[in-house]
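First up is the structure itself, then whatever we jot down about it.
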Amino acid sequence: MPDIQKIVVLTGAGISAESGLATFRGPDGLWEGRRVEDICTPEALERDRALVLDFYDHRRRALTQVAPNPAHEALARLDAEWPGELLIVTQNVDDLHERAGAARILHMHGALLSALCEGCGERRLFGGDMLDGPRCEICGQDALRPDIVFFGEMPYEMERIERAVMDADLFVSIGTSGAVYPAAGFVEAARHAGADTLELNLEPSAGSVFFHETRLGPASVMVPEWVDEILAEQAAEN
16 MPDIQKIVVL TGAGISAESG LATFRGPDGL WEGRRVEDIC TPEALERDRA
66 LVLDFYDHRR RALTQVAPNP AHEALARLDA EWPGELLIVT QNVDDLHERA
116 GAARILHMHG ALLSALCEGC GERRLFGGDM LDGPRCEICG QDALRPDIVF
166 FGEMPYEMER IERAVMDADL FVSIGTSGAV YPAAGFVEAA RHAGADTLEL
216 NLEPSAGSVF FHETRLGPAS VMVPEWVDEI LAEQAAEN
C-alpha cells in the first residue's frame, strides 16, 4: 500500500462483540421478545417511551461490565502514532474506543453516554437511567432521550464523513455487516475515488466484493496485526 497518508477506519459491532457486547444482528439481537429494529425507532419512542428508555438504560449499564479489547487498543495506538490524517468512524454507540485512548473518532450513530433533549436540542454527557425521568439541565423539560440515531434517522456528521472517505488513501472496515446504509456504501465511494480498501472481519460481509482485500479472523487478532504492519511500513519509508 504505497504512499498512504490519509486513512479512514470504519468500525462496527464486530469489534465490540469480543468485549462482550451483544450485536444487534446476532443471536442475541432481541429485547424482551421484540426485534431490536422495532424498538430503536422514533415511532417506538412515541408509542412506548418507557420500553425504549429501559432498553437503553440496560445497554448503558452493560458498558460498566466490559472493557476495550486488543482491537480497540490497537486502533488507539494507530491514532497516537499515525502522522498523517486519520478518522475512526464508528457505528457503535459504546465508549470502548475512547476508553482505549482513541481521540480521532466520530460516532455516526450517536453515543450511549450522551443524552439529547427533544425540547431544546441540547446534548450532554449522561451516565444514569433515563427511565427515572431526569429533566434537561438547560430547559428543565422532561424530554431527554438517548442521543442515538434511531432507524430511519440521519447519521451524524455525514458531510464530514463523506469528505474524509472521498479524500482517503486507505479505507479500512472492521467488524461490520456491510448491510446497514449509509455506512455500507462507504467502501464503494472510497474505491471509486481511488483509495485502497481493506476489510478485517470474522466472516465476509455483505459488501466484501467491493474490497481490494479481505482478511478473516477475530478483530482482537487481525486489527493489531494490521496496525503493526502499517506502522512498520510508515516507519520504513521515513
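Sequential numbering of the sequence shown, starting at 16, is according to this note's numbering.
Think of the CB as a built atom: it goes at the ideal place given N, C-alpha and C, for glycine as much as any other residue.
Please read all numbers here as calculations on a predicted model, not as lab measurements.
- Look at F186 here: in three-state DSSP terms it is strand.
- For D211, the enclosing beta strand (DSSP E) has its first and last residue at 211–216.
- Going by C-alpha positions, L78 is about 28 Å away from I22.
- By the neighbour-count criterion, in which 16 or more other beta carbons inside 10 Å mark a residue as buried, C154 falls on the exposed side.
- L111 sits in a helix when the DSSP states are folded into three classes.
- In this structure R74 is not in contact with L102, their Cβ atoms being roughly 25 Å apart against a cut-off of 8 Å.
- The beta carbon of N107 is closer than 6 Å to those of S31 in its chain, skipping five residues each way along the sequence.
- One alpha carbon belongs to V238, the other to Q156, and they sit about 44 Å apart.
- R230 carries a strand assignment under DSSP once its states are collapsed to helix, strand and coil.
- Per the coordinates, the alpha-carbon of G35 lies some 6 Å from the alpha-carbon of V81.
- Contact between M173 and A208 does not hold, since their C-beta atoms are separated by about 16 Å, which reaches or exceeds 8 Å.
- Its Cα nearest to that of L140, the residue D162 stands out among R114, D162, H124.
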